[in-house]
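Q: In full-length UniProt numbering, the protein residues as written are 1 to 81.
1) Do you know offhand how far residue 59's Cα is from residue 16's?
2) Quick test of your reading: residue 51 and residue 42, contact by CB under 8 Å. State the CB separation rounded to the nearest angstrom.
3) Note down, in chain order, each residue of its chain lying with its Cβ closer than 7 Å to the Cβ of residue 4, except the 5 sequence neighbours on either side.
4) Could you have a look at residue 71 and say whether DSSP puts it in helix, strand or coil?
5) Output the distance between the C-alpha atoms of residue 35 and residue 18, rounded to the nearest integer angstrom.
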């Protein structure tokens, strides 16, 4: 929380039992859980960090996202620039 305050970021919590208030993040969390966390038995923090780094790169650069027209987030970013 202190870091967020220093960066000028306001933390807002959704109401319990109301995932539709934050649907994009809830969907992302589901994707992370099903496509990454459920696939591995992670033995250490370092291993978790390595897997997370690799998975995020794949998510942003290789994996088509149907929510943005079947292209990758990296492609969408290039189109917006």
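Idealized CB from N, CA, C, for every residue including glycine.
A: Let's see:
1) 28 Å
2) Residue 42 and residue 51 do touch by the CB rule: their CB atoms are close to 7 Å apart, below 8 Å.
3) 11
4) strand
5) 24 Å
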